[in-house]
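So the structure is just underneath, and the comments pick up after that.
In the numbering used here, the protein residues as written are 2 to 726.
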């Protein structure tokens, strides 16, 4: 068990050395700790979603059962693109249960709202007008899916009792949420693209201070230690930093967890108690991070011999071959091109096999791009011969620097993957959303069976900007025939006809012959003479004004022609909400659901990209400071021979700027080009704001990393740096 003693000696060297050893240990622990914090956060997403789903299920109405204790009417309200969900309730038995997080069932005229909705109602009079009831309380956390949920429970008004359904209570079974294959694919691709750079960051963090560690081990070789003993000691030193970083990461995670209540990105948020890592993933992180750290230290010693007189390389620096790097990109692009040629984008979204093939192609392109960057940096560093001293020193340093290109490879994956996913998510949202509205001043209101239509039309008329209201009725028949009746103005807009009169009929598609007897809404009805058409909705469309059977049905829609701006939609919904909150704006409701799904995916990509870019900045800064410290003697020699300090500072700036510029130049065309291969040409859009953000982020990375090296550089250029032993 001699190796155990050597491992323990490595631990003692890490914690019992000089201030320099403590500084290296702290730097390694900080880098590993930040990486562990993000890993723990990622491991908490699954349990957090399960906790959220459980609260949603507990608050779901339970229909059926032996005995109904409630009558309930589920209502969805849209406001400024956001969805507000609620239930109007009435107890039918004395033991009727209250909703989770609510003390009692509200009576008619009473309202219980979520804290976020309560704050919005206080700040927006138009929204408050949609809820005229008295607010008697707020919903507790147990009844909310997330801290900023928009929910309400209201007493069931007597006028809406006919539209309510019996319920046994709460805690009903909900169907599992399903996503199109493309959305599942994009989420998996986003997670993979974000975790790979995080692994690179942790790996680089464990290598900080490697040169100083090798010098200490050389001194130990001088007093008789063998190569095997030295390797175990190196593993012990690295293990110390990794374990300390693991503890720092756990502490940071639990310290930052309470902030989850106040942080919600585009509709995605959790309670602090939801964020608890999955036990198996947590154990994997606890074991995996130290193991990766020790293995990286042992692998590093394979190319470096620690002898009694100091460390020296035992093997040549491997030649970076380009063929396999570009092969990855070529194969991935070929897969994407072949799939794009054989199927449409909609097939990518709906077919699991095509979606997986697309994901494989994108992954190969991103992996090849990450592999190309170190080769490109080495090529520039060995091939360029600048005239000024600052760039010359920077390029010579980059020839032997593996840490910076590795971290930047992760940044390239994040940036390229983010650009690709942004375009794909945007196009996917367009395909799943409603067709583009060619008449933006046309607003369709969906009505319930017992909505008071006359009162509703009076309220709409009082809304400024209304030009016309058309009633639309859909009729049930005893055959497979779809019959719709409305006024001539609406028919003229739908079909583009100019000869409409009361009683006129138009048919698109197959239908019964004129004179056929049908049962419509429980009454006998004779199909009138009609004109066939190739435009408009399928079925029989009949103009109002000449048929009492069709006119007796209750309207199912109101088509309002008014102002085209979104503020009119809010005014319209405010007016209808005072009559019947169950009236929904069809276009706004549908778009709100699509926007919520799009925001959930998009926010995950953006948030992860920003977080990992910040980690990359920290990793690059730590690696740059570590390099300056390790090369302080050559730097002091340069300063003593007359190289100005500003030239050395400019050299540190160029050392960060050159690989960052190469990585950004590589990431932008790769990300956009990959998306261009997938999406239809007419839907491809370049978000120049995203491009500008990428370039600005690269400039900030260079500036921050350079500023972090200034204190260490000032210390290195002092004459005391010339001392050696």
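Don't be surprised by glycine CBs; every beta carbon is placed ideally from N, CA and C.
### Task
Note down the Cα distance separating residue 462 from residue 572, rounded to an integer number of angstroms.
Counting from one through the chain shown, the residue named residue 462 turns up at place 461. Counting from one through the chain shown, the residue named residue 572 turns up at place 571. C-alpha of residue 462 to C-alpha of residue 572: approximately 11 Å in a straight line.
### Collapsed DSSP secondary structure at residue 45 in the structure displayed
In the chain shown, counting from the first residue as 1, residue 45 sits at position 44. Residue 45: helix per DSSP, three-state reduction.
#### Entry: C-beta atoms of residue 452 and residue 667 nearer than 9 Å
Here residue 452 refers to the residue found at position 451 when the chain shown is read from its first residue. Here residue 667 refers to the residue found at position 666 when the chain shown is read from its first residue. For residue 452 and residue 667, no; Cβs fall outside 9 Å.
### Task
Report yes if the CB atom of residue 578 is closer than 9 Å to the CB atom of residue 74, and no otherwise.
Sequence index remark: in the chain shown, residue 578 carries index 577 (1-based). Sequence index remark: in the chain shown, residue 74 carries index 73 (1-based). No.
### Message
What residue range does the alpha helix (DSSP H) around residue 646 cover?
### Response
Mapped onto the chain shown, residue 646 falls at position 645. Its alpha helix (DSSP H) spans residues 646-679.
### Task
Would you mind working out which of 673, 712, 626 and 696 sits nearest residue 646, comparing C-alpha positions?
For the purposes of this step, residue 646 is taken as the residue at position 645 of the chain shown. Residue nearest to residue 646 within the set 673, 712, 626 and 696 is 712 (criterion: CA-CA distance).
### Task
Check the C-beta distance from residue 558 over to residue 445 and give it rounded, since I have them as a contact under 8 Å.
Numbered from its first residue, the chain shown carries residue 558 at position 557. Numbered from its first residue, the chain shown carries residue 445 at position 444. So it is a contact: roughly 6 Å between Cβ atoms.
### Where residue 534 falls: helix, strand or coil (DSSP)
Indexing the chain shown from 1 puts residue 534 at position 533. Correct three-state label for residue 534: coil.
### Task
In the DSSP assignment, find the unbroken beta strand (DSSP E) run with residue 519 in it and report its ends.
Locating residue 519 in the chain shown gives position 518, counting from the first residue. Looking at the DSSP string, the run of the beta strand (DSSP E) that includes residue 519 is 518-521.
### Query
Under the criterion of a Cβ to heavy atom distance below 8 Å, does residue 399 qualify as lining the ligand COA?
No copy of the ligand COA occurs in the structure displayed, which carries no ligand at all.
#### Entry: Under the three-state DSSP convention, the category residue 643 falls into
Here residue 643 corresponds to residue number 642 of the chain shown, with the count starting at 1. In the three-state scheme derived from DSSP, where H, G and I count as helix and E and B as strand, residue 643 is classed as coil.
### Query
How long is the line joining the alpha carbons of residue 35 and residue 657, rounded to whole angstroms?
Within the chain shown, numbered from 1, the residue matching residue 35 stands at position 34. Within the chain shown, numbered from 1, the residue matching residue 657 stands at position 656. The straight-line gap from Cα to Cα measures roughly 21 Å.
### Query
With respect to the beta strand (DSSP E) encompassing residue 471, which residues constitute its N-terminal and C-terminal limits?
Along the chain shown, one-based indexing puts residue 471 at 470. If you look at residue 471, you'll find it in the beta strand (DSSP E) that goes 469-476.
### Query
How many angstroms separate the CA atom of residue 402 from the CA atom of residue 384?
Here residue 402 refers to the residue found at position 401 of the chain shown. Here residue 384 refers to the residue found at position 383 of the chain shown. If you take the alpha carbons of residue 402 and residue 384, they lie about 16 Å apart.
### Message
In this structure, how does DSSP classify residue 484 when only helix, strand and coil are distinguished?
### Response
For this step, residue 484 is matched to residue 483 along the chain shown. Residue 484 falls in the strand class under three-state DSSP.
### residue 492, enclosing alpha helix (DSSP H) - first and last residue
One-based indexing of the chain shown puts residue 492 at position 491. For residue 492, the enclosing alpha helix (DSSP H) starts and ends at 489-496.
### Query
If we call anything under 9 Å between Cβ atoms a contact, is residue 698 one with residue 416?
Counted from its first residue, the chain shown places residue 698 at position 697. Counted from its first residue, the chain shown places residue 416 at position 415. The answer is yes: Cβ separation under 9 Å.
### Query
Can you tell which of 550, 528 and 700 has the C-alpha that lies nearest to the C-alpha of residue 541?
Taking the chain shown and counting its residues from 1, the one referred to as residue 541 is at position 540. Residue 528 is the option with its Cα nearest to residue 541.
### Segment limits, beta strand (DSSP E) that includes residue 464
Here residue 464 is taken as the residue at index 463 of the chain shown, counted from 1. Element bounds for residue 464: n/a, residue is neither H nor E.
### Message
So the candidates are 166, 513 and 30; which of them puts its Cα closest to the Cα of residue 252?
### Response
Translated into positions along the chain shown, residue 252 becomes position 251. Ranking 166, 513 and 30 by Cα distance to residue 252 puts 30 first.
### Message
Looking at chain C, is there any beta carbon in it that lies within less than 9 Å of the beta carbon of residue 262?
### Response
Reference to chain C is not applicable here, since this structure consists of a single protein chain.
### Message
Let me make sure I understand the geometry here. Which of 289, 676 and 475 has the alpha-carbon closest to that of residue 243?
### Response
In the chain shown, residue 243 corresponds to position 242, counting from 1. Nearest of 289, 676 and 475 to residue 243, Cα basis: 289.
### Query
How about residue 735 and residue 38: do their beta carbons lie closer than 9 Å?
Since the first residue of the chain shown is 2 and the last is 726, residue 735 is not available in this structure.
### Message
So, with DSSP's three-state summary, where would you put residue 328?
### Response
The residue you call residue 328 lines up with position 327 of the chain shown. Residue state, collapsed to three classes: helix.
#### Entry: C-alpha gap between residue 134 and residue 80, whole angstroms
The residue you call residue 134 lines up with position 133 of the chain shown. The residue you call residue 80 lines up with position 79 of the chain shown. Just so you know, the alpha carbons of residue 134 and residue 80 end up roughly 18 Å apart.
### Endpoints, the alpha helix (DSSP H) within which residue 119 is located
Numbered from 1 along the chain shown, position 118 holds the residue referred to as residue 119. Residues 116-124.
### Query
For residue 527, which beta-bridge partners are listed by DSSP?
Looking up residue 527 in the chain shown gives position 526. According to DSSP, residue 527 bridges with 518.
### Message
I'd like to know whether the C-beta atoms of residue 77 and residue 94 end up nearer to each other than 9 Å.
### Response
Taking the chain shown and counting its residues from 1, the one referred to as residue 77 is at position 76. Taking the chain shown and counting its residues from 1, the one referred to as residue 94 is at position 93. No; because the gap between Cβ atoms is not below 9 Å, this pair is not in contact.
### Close beta carbons around residue 96, own chain, < 8 Å, minus the five adjacent residues each side
As a working note, residue 96 is residue 95 in the chain shown. Hits under 8 Å: 70.
### Message
Please report the straight-line C-alpha distance between residue 128 and residue 121, rounded to a whole angstrom.
### Response
Your numbering for residue 128 matches position 127 in the chain shown. Your numbering for residue 121 matches position 120 in the chain shown. Roughly 7 Å separates the two Cα atoms.
### Message
At the level of alpha carbons, what is the spacing between residue 381 and residue 260?
### Response
As a first step, residue 381 must be located in the chain shown, where it is residue number 380. As a first step, residue 260 must be located in the chain shown, where it is residue number 259. Distance between residue 381 and residue 260, taken at the CA atoms: about 44 Å.
### Message
For the beta strand (DSSP E) containing residue 91, name the first residue and the last one.
### Response
What you label residue 91 is simply residue 90 of the chain shown in a count that begins at 1. In the DSSP assignment, residue 91 falls within the unbroken beta strand (DSSP E) covering 83-92.
### Through-space distance from residue 358 to residue 332, alpha-carbon basis
As a first step, residue 332 must be located in the chain shown, where it is residue number 331. As a first step, residue 358 must be located in the chain shown, where it is residue number 357. For residue 332 and residue 358, the distance between alpha carbons rounds to 12 Å.
### Task
Determine the closest residue to residue 164 out of 546, 72, 336 and 43, with distance taken between C-alpha atoms.
As a position in the chain shown, residue 164 is number 163, starting the count at 1. Closest option to residue 164, Cα to Cα, is 72.
### Task
With DSSP collapsed to three states, give me the class of residue 563.
On the chain shown, residue 563 is found 562 positions in, with the first residue counted as 1. If DSSP states are grouped into helix, strand and coil, residue 563 belongs with coil.
#### Entry: Beta-bridge pairing of residue 80 - partner residues as DSSP gives them
Translated into the one-based positions of the chain shown, residue 80 becomes position 79. For residue 80, the beta-bridge partners assigned by DSSP are 83.
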